[in-house]
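A.B. asks:
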Amino acid sequence: MRIVSLVPAATEIVYALGRGDDLVAATHDSDHPASALDLPRITSSTIPEGSSIAEIDRLVREAAAQGGSTFHLDAGALAAAKPDLLLGQTICAVCAVTVGQLPGGVPVVPLDGDSLEGVLADIARVGDSLGARLETDELLRSLRARLERVADAVRGLERPRVACLEWLDPLFNAGHWVPEQVRIAGGVDVLASPGKRSVEVSWDDVLRAAPEILIAMPCGFDASRAVEDSVALRARPGWDDLAAVRARRAYAVDGNAYFSRPGPRVVDGVELLASLFHPGRVAAPSGSTVLPIA
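Adding 1 to a residue's 1-based position in the sequence shown gives its number in the numbering used here.
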């Protein structure tokens, strides 16, 4: 089978199912696992490298208003890959290739989960399309068992109030599956609701939410970039008065790896959150990075 992945999460799913050798091309941002970096690229970003988060937000809004996107799909490279199967998505037409943007004639499997169960269902759907039922069942059993272990480890503990920020200028809460990640990890999300899209929030919203833990997890960026982009956040009035800041429990994490992508590593994200909410109860994923921003 010749598979082209048009969204990084799908790339990760295929590798997690042990079918990485069937991938013949992927998007420019498919960067995990490391072997994915060797795949031919069929997209490129239209956002200039080094753009600030405010500039990125402006470009995304402009693209959305014009019915455009922030990437370029190389139709020639896609045709040259001669795919038997395309893996796409339906959640965001601006930041990633959607099913409706793809040429006809090749079967397409879309990722459309907006909750943890939806993500697991997407994994099952991709596995079915690859004829990898045994591998899929094994992967799903493992992921569900890990979620259950976290839930068991934090059961009965006091749940901290948690604010997760998917973007820092302007501020956005972290929607979709993130509130569920927070809940399973033993916290209470005070800014977002499960299954709802991420939306812009005001600084007053954050202050009123009175988080005991604040987590910067900017979409598409790692922990180091989150720290860099949090400078303006730390300068906002009332920052030093937040309970999370006073307790030194404001953190930057890798949103790109564990929270933005609807793939297997959302479970790693749950484990990472649990390690922050309830230290000593759950181990953080190997190789994960957490940096203080307060």
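By construction, the Cβ of each residue, glycine as well, lies at the ideal position given by its N, Cα and C atoms.
1) Output the residue ranges of the alpha helix (DSSP H) runs that lie fully inside the region 11-80 and measure 4 residues or longer, sorted by chain position.
2) Tell me the DSSP bridge mates of Val163?
3) Considering only residues of the same chain and omitting the five flanking positions on each side of Leu158, which have a CB-CB separation below 7 Å?
4) When you compare only the Cα positions, how much space is there between Gly51 and Ser199?
5) If you follow the alpha helix (DSSP H) that Tyr244 is part of, which residue opens it and which one closes it?
6) To the nearest angstrom, report how far apart Ala164 and Thr71 are at their CA atoms.
7) With DSSP as the reference, please indicate the residues paired to Tyr252 in a beta bridge.
8) Determine the direct distance from the alpha carbon of Asp138 to that of Asp115, and round the result to whole angstroms.
9) Hey, Thr28 and Thr44: beta-carbon distance below 7 Å or not?
10) With 16 other CB atoms within 10 Å as the buried threshold, where does Asp129 fall?
11) So for Val283, helix, strand or coil by DSSP?
12) Starting from Ser130, follow the alpha helix (DSSP H) in both directions and report where the run begins and ends.
13) On the three-state DSSP scale, how would you describe Trp168?
14) Would you call Met2 buried or exposed, if buried means 16 or more other Cβ atoms sit within 10 Å of its Cβ?
15) Determine the contact status of Ser289 and Val283, defining contact as a CB-CB distance below 7 Å.
16) First and last residue of the beta strand (DSSP E) that includes Ser5?
C.D. replies: Taking the geometry as given:
1) 54-66
2) Here the question's residue 163 lines up with position 162 in the sequence shown. BP columns for Val163 point to Asp190 and Ile214.
3) As a first step, residue 158 is located in the sequence shown; it is residue number 157 there, counting from the start. Correct list, in chain order: Gly187 and His279.
4) Indexing the sequence shown from 1 puts residue 51 at position 50. Indexing the sequence shown from 1 puts residue 199 at position 198. Taking the Cα positions, Gly51 is about 24 Å away from Ser199.
5) Here residue 244 refers to the residue found at position 243 when the sequence shown is read from its first residue. Going by the sequence as given, residue 244 is Ala instead of Tyr. Counting along the chain, the alpha helix (DSSP H) containing Ala244 begins and ends at Ala244 to Arg247.
6) Within the sequence shown, residue 164 is the residue found at index 163, counting from 1. Within the sequence shown, residue 71 is the residue found at index 70, counting from 1. Each residue's Cα considered, the two are about 28 Å apart.
7) Looking up residue 252 in the sequence shown gives position 251. Partner(s): Ile216 and Pro293.
8) Translated into positions along the sequence shown, residue 115 becomes position 114. Translated into positions along the sequence shown, residue 138 becomes position 137. Their Cα atoms are separated by approximately 21 Å.
9) Taking the sequence shown and counting its residues from 1, one reaches residue 28 at position 27. Taking the sequence shown and counting its residues from 1, one reaches residue 44 at position 43. Contact flag set, yes.
10) The count along the sequence shown starts at 1 and reaches residue 129 at position 128. Its Cβ having fewer than 16 others within 10 Å, Asp129 is exposed.
11) The residue you call residue 283 lines up with position 282 of the sequence shown. In the structure shown, Val283 sits in coil (DSSP, three-state: anything other than H, G, I, E or B).
12) As a first step, residue 130 is located in the sequence shown; it is residue number 129 there, counting from the start. Run containing Ser130: Leu117 to Leu131, per the alpha helix (DSSP H) assignment.
13) For the purposes of this step, residue 168 is taken as the residue at position 167 of the sequence shown. Reduced to three states, the DSSP call for Trp168 is strand.
14) Residue numbering aside, residue 2 sits at position 1 when the sequence shown is read from its first letter. Looking at its Cβ environment, which holds fewer than 16 other Cβ atoms inside 10 Å, Met2 is exposed.
15) Within the sequence shown, residue 289 is the residue found at index 288, counting from 1. Within the sequence shown, residue 283 is the residue found at index 282, counting from 1. Result no, Cβ atoms of Ser289 and Val283 do not sit closer than 7 Å.
16) What you label residue 5 is simply residue 4 of the sequence shown in a count that begins at 1. Reading the sequence as shown, one finds Val at residue 5 and not Ser. It spans Ile4 to Ser6 - the beta strand (DSSP E) in which Val5 sits, taken as one unbroken run.
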